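If you want it as structure tokens, here you go:
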């Protein structure tokens with residue numbers, strides 16, 4: 005029996021285990037074969053839409069098996085040869101699973117897919133990011149809200165991001181941050197849908213009784229309620245990811261991991277300023293700018309994408325709150341907007 009995937013470069017055919025092996029070993033080898041096939045496609049820069057569609061078909065047939073495939077794909081992306089078996093997934097906590105995987109990993113190795121030398125790895129990071137983006141978009145009207153898939157995936161990524169193994173920490177942080185970016189984009193669309201539907205509801209309700217369609221009002225109200233439920237679920241996932249991964253990794257000792265966090269925060273600020281452009285999030289940029297060990301560059305690059313008009317109001321509010329806690333802030337010339345922002349954030353600490 006073979007697992008067969010068609011890639012852009014060539015076909016991938018991976019032989020599964022002989023039938024004489026016991027069920028547990030066969031399942032483990034099957035999972036390894038599935039993950040290697042997924043990994044091959046991402047590694048060779050094939051379109052993620054094909055890969056996500058294939059995986060979604062698997063998940064629809066058996067969500068536990070589908071989730072296990074996705075988890076093992078993440079493990080493969082980390083460069084780990086270990087496999088999370090069904091028995092491990094059902095009977096062990098995430099911390100135990102990660103500990104078991106760590107034993108099969110060379111902790112001292114600095115070469116793993118995300119940072120391995122050679123031309124064959126150049127597109128790997130972009131392919132992984134694209135895969136995550138397509139995954140979220142493909143699930144935005146369905147599995148994103150099933151309270152199983154993304155909850156379990158984010159929980160494991162959070163645990164991996166706290167690992168002492170750099171490969172686990174770096175790869176899981178990248179995937180978690182990209183997942184959050186995808187969720188942020190969906191949240192923006194849901195918010196827009198709520199506003200549009202609310203306007204339609206208000207317009208219908210404002211009609212006279214004889215022209216008002218009661219069934220239409222009920223449909224619109226039901227849609228609004230469903231969208232608000234989705235909004236709450238998305239907010240919960242974003243908060244869990246931010247507190248579970250970003251807050252711990254934005255000051256990681258590895259520069260690449262810090263950069264991933266700050267770069268994605270820049271995307272959140274641009275995509276959803278209503279939720280993220282406030283002191284609760286800006287303070288992390290401020291702390292990064294104020295860091296004395298050379299970590300300011302990432303935050304400066306993020307802020308350079310904004311004009312003064314875009315964030316002056318929020319930065320001023322942030323400054324006002326912090327001003328009460330720290331020393332007075334001296335006036336800053338308004339010749340260079342980006343420099344003004346850097347100075348404002350620096351002087352608040």
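Residue numbers (this note's numbering): 5 to 353. Just so you know, even glycine gets a beta-carbon here, dropped at the ideal spot from N, CA and C. The model shown is predicted, which means the values in this text are computed figures rather than measured ones.
Measuring only the C-alpha atoms, how far is residue 181 from residue 212?
Along the chain shown, read from residue 1 onward, the residue named residue 181 stands at position 177. Along the chain shown, read from residue 1 onward, the residue named residue 212 stands at position 208. Distance between the alpha carbons of residue 181 and residue 212: 49 Å.
Would residue 218 be called buried (16 or more neighbouring beta carbons within 10 Å of its own) or exposed?
In the chain shown, counting from the first residue as 1, residue 218 sits at position 214. Classification for residue 218: exposed.
Cβ-Cβ distance between residue 186 and residue 216 below 8 Å:
For this step, residue 186 is matched to residue 182 along the chain shown. For this step, residue 216 is matched to residue 212 along the chain shown. For residue 186 and residue 216, no; Cβs fall outside 8 Å.
Have a look at residue 358 and residue 120 and give me their C-alpha separation to the nearest angstrom.
Because residue 358 is not part of the residues shown, which for the chain are 5 to 353, the question remains open.
Measure the C-alpha to C-alpha separation of residue 289 and residue 209 and round it to an integer number of angstroms.
For this step, residue 289 is matched to residue 285 along the chain shown. For this step, residue 209 is matched to residue 205 along the chain shown. Rounded to whole angstroms, residue 289 to residue 209 spans 45 Å at the Cα level.
Given this structure, state the Cα-to-Cα distance separating residue 131 from residue 220, to the nearest angstrom.
The count along the chain shown starts at 1 and reaches residue 131 at position 127. The count along the chain shown starts at 1 and reaches residue 220 at position 216. Rounded to the nearest angstrom, the two C-alpha atoms are 44 Å apart.
How would you write the range of the alpha helix (DSSP H) that residue 280 sits in, first residue to last?
Along the chain shown, read from residue 1 onward, the residue named residue 280 stands at position 276. For residue 280, the enclosing alpha helix (DSSP H) begins and ends at 277 to 280.
Segments assigned alpha helix (DSSP H), at least 4 residues, entirely inside the region 68 to 103
Qualifying alpha helix (DSSP H) stretches, in chain order: 90 to 95.
Can you check the region 156 to 214 for any beta strand (DSSP E) of at least 3 residues that lies completely inside it and give the ranges in chain order?
Contiguous beta strand (DSSP E) elements confined to the region 156 to 214 do not occur, taking only those with 3 or more residues.
At the level of alpha carbons, what is the spacing between residue 57 and residue 214?
Taking the first residue of the chain shown as position 1, residue 57 is located at position 53. Taking the first residue of the chain shown as position 1, residue 214 is located at position 210. Looking at the two C-alpha atoms, the distance is approximately 48 Å.
Should the region 80 to 90 be regarded as contacting the region 144 to 157, the criterion being three or more beta carbon pairs within less than 8 Å?
At 8 Å Cβ cutoff, the stretches do not touch.
Sorted by chain position, which residues of the same chain lie with C-beta nearer than 8 Å to residue 253's C-beta, five sequence neighbours on each side aside?
Locating residue 253 in the chain shown gives position 249, counting from the first residue. If we look at residue 253 and ignore the five residues flanking it on each side, its Cβ neighbours are 165, 173, 177, 261, 262, 264, 265.
Residue 133, enclosing alpha helix (DSSP H) - first and last residue:
For the purposes of this step, residue 133 is taken as residue 129 along the chain shown, with counting starting at 1. Element bounds for residue 133: 128 to 143.
Check whether the Cβ atoms of residue 184 and residue 280 lie closer than 8 Å to each other.
Within the chain shown, residue 184 is the residue found at index 180, counting from 1. Within the chain shown, residue 280 is the residue found at index 276, counting from 1. At a Cβ-Cβ threshold of 8 Å, residue 184 and residue 280 do not count as neighbours.
In three-state terms, what does DSSP make of residue 284?
Numbered from its first residue, the chain shown carries residue 284 at position 280. In this structure, residue 284 counts as helix in the three-state DSSP scheme.
Within a Cβ cutoff of 6 Å, which residues of the same chain sit near residue 267, ignoring the five residues on either side of it in sequence?
Looking up residue 267 in the chain shown gives position 263. Excluding positions up to five away in sequence, the list is empty.
Decide if residue 207 is buried, meaning its Cβ has at least 16 other Cβ atoms within 10 Å, or exposed.
For the purposes of this step, residue 207 is identified with residue 203 of the chain shown, where counting begins at 1. Result: exposed.
Out of 241, 230, 204, which one is the CA nearest neighbour of residue 161?
Taking the first residue of the chain shown as 1, we reach residue 161 at position 157. Here the closest residue by C-alpha is 241.
Residue 74 and residue 157: beta carbons closer than 8 Å?
Against the chain shown, residue 74 aligns to sequence position 70. Against the chain shown, residue 157 aligns to sequence position 153. Residue 74 is a Cβ neighbour of residue 157, given a cutoff of 8 Å.
What would DSSP say about residue 267, mapped onto helix, strand or coil?
Taking the first residue of the chain shown as position 1, residue 267 is located at position 263. When DSSP states are grouped into helix, strand and coil, residue 267 belongs to the helix group.
What is the DSSP secondary structure of residue 56, counted as helix, strand or coil?
By one-based count along the chain shown, residue 56 stands at place 52. Helix.
Hey, residue 134 and residue 188: beta-carbon distance below 8 Å or not?
In the chain shown, the residue the question calls residue 134 occupies position 130. In the chain shown, the residue the question calls residue 188 occupies position 184. Taking 8 Å as the Cβ cut-off, residue 134 and residue 188 do not qualify as a contacting pair.
Could you tell me if residue 237 is buried or exposed, where buried requires 16 or more neighbouring beta carbons within 10 angstroms of its beta carbon?
The sequence position of residue 237 within the chain shown is 233, counting from 1. Label assigned to residue 237: buried.
Can the beta-carbon of residue 79 be found less than 8 Å from the beta-carbon of residue 105?
One-based indexing of the chain shown puts residue 79 at position 75. One-based indexing of the chain shown puts residue 105 at position 101. Yes, Cβ-Cβ distance for residue 79 and residue 105 is below 8 Å.
Residue 163 and residue 228: beta carbons closer than 8 Å?
What you label residue 163 is simply residue 159 of the chain shown in a count that begins at 1. What you label residue 228 is simply residue 224 of the chain shown in a count that begins at 1. With contacts defined as CB atoms closer than 8 Å, residue 163 and residue 228 fail to qualify as a contacting pair.
Excluding five sequence neighbours on each side, which residues of the same chain lie with their C-beta closer than 6 Å to the C-beta of residue 29?
As a working mapping, residue 29 is identified with position 25 in the chain shown. Low confidence applies to residue 29: its pLDDT is 40, below 50, so where it sits in the model is not reliable enough to give any reading.
Beta-carbon separation (whole angstroms), residue 175 vs residue 139, contact threshold 8 Å:
On the chain shown, residue 175 is found 171 positions in, with the first residue counted as 1. On the chain shown, residue 139 is found 135 positions in, with the first residue counted as 1. In fact, because the Cβ distance is near 15 Å, the residues do not count as touching under 8 Å.
Residue 72: which of 197, 53, 116, 98 sits nearest, CA to CA?
Numbered from 1 along the chain shown, position 68 holds the residue referred to as residue 72. That would be 98, whose Cα lies nearest to the Cα of residue 72.
Which of the three DSSP states is assigned to residue 244 in this structure?
Locating residue 244 in the chain shown gives position 240, where the first residue counts as 1. Here residue 244 sits in helix by DSSP.
Give the DSSP-derived three-state secondary structure of residue 249 in the structure shown.
Position 245 of the chain shown, counting from 1, holds the residue named residue 249. When secondary structure is reduced to three states using DSSP, residue 249 falls in the helix class.
Could you check the C-alpha separation between residue 293 and residue 272 for me, to the nearest Å?
Counting from one through the chain shown, the residue named residue 293 turns up at place 289. Counting from one through the chain shown, the residue named residue 272 turns up at place 268. Near 18 Å, if we compare the C-alpha coordinates of residue 272 and residue 293.
Beta-carbon contacts of residue 129 that lie in its chain and below 8 Å, excluding the five residues immediately before and after:
Within the chain shown, numbered from 1, the residue matching residue 129 stands at position 125. For residue 129, where only same-chain residues beyond five positions count, the Cβ hits under 8 Å are 118, 178.
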